[in-house]
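S.K.: Position 96, counted from 1, in the sequence shown is what this note's numbering calls 1124; the numbers after and before it change by one each time, with no gaps.
Here a beta-carbon is modelled for each residue, glycine too, at the ideal position from N, C-alpha and C.
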Amino acid sequence: MERFKPHDLMEKLKNSGVKYTEKDVVLVAKNYNGKFLWLEKGNESSGLKHIEKQHQKDFGANTNVKDLLMKILPLKPLKHFSRKKGKKLADIYLYKKNSKLYLVAYGDNGYIVSFYPYEKG
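This is how it looks when you write it as structure tokens:
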């Protein structure tokens, strides 16, 4: 568990002022430029539950989503764009790892909304 929730980053999350549910946090990390990110258990539309329910088949049965996220987040993304949905702004990043493309979407507060393999098309 410590691997996905390092103590120093959990402390930073606690002191950040963002709204989160501590018992639901499953991963805390920093991206390539030091932005603080976290993933919660979530629900049908965001977080780990959303990723596993909507995208696990895209990753393959043997892929550990949290492991892969921890490897991808520190990489410099190939592309970044922002998408506004109502009042909420999401940052969307496209990453390449082992010749595969992955999309990571997170809110301006650092909450990881979604993550999945990206197919051009």
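Taking the C-alpha atoms as reference points, what is the distance between Phe-1143 and Val-1056?
M.R.: Taking the straight line from one Cα to the other gives about 14 Å.
S.K.: Mark Gly-1075 as exposed unless 16 or more other C-beta atoms lie within 10 angstroms of its C-beta, in which case mark it buried.
M.R.: Burial call: buried.
S.K.: Within the same chain, show all residues whose beta-carbon is closer than 6 Å to that of Gly-1070, passing over the 5 residues directly before and after it, in chain order.
M.R.: Leu-1076, Lys-1077, His-1078.
S.K.: Measure from the alpha carbon of Glu-1072 to the alpha carbon of each residue in Ala-1133, Gln-1082, Lys-1063, Val-1132, then state which is nearest.
M.R.: That would be Gln-1082, whose Cα lies nearest to the Cα of Glu-1072.
S.K.: In chain order, what are the residue ranges of uninterrupted beta strand (DSSP E) at least 3 long that sit wholly in the segment 1054-1132?
M.R.: DSSP runs (the beta strand (DSSP E)) wholly in the segment 1054-1132: 1064-1068, 1107-1113, 1116-1125.
S.K.: Hey, out of Glu-1147, Trp-1066, Ala-1133, Lys-1047, whose CA is closest to Arg-1111's CA?
M.R.: Answer by Cα proximity: Ala-1133.
S.K.: What residues match up with Phe-1143 in a beta bridge as DSSP calls it?
M.R.: DSSP, once it has assigned bridges, lists Val-1132 as partnering Phe-1143.
S.K.: Kindly indicate which three-state DSSP category Glu-1050 falls into: helix, strand or coil?
M.R.: Here Glu-1050 sits in helix by DSSP.
S.K.: Under 8 Å, do Lys-1099 and Leu-1122 count as touching if we go by C-beta distance?
M.R.: Their beta carbons are not under 8 Å apart, which means Lys-1099 does not touch Leu-1122 by this criterion.
S.K.: Buried or exposed for Gly-1138, going by 16 or more other Cβ atoms inside 10 Å?
M.R.: Result: buried.
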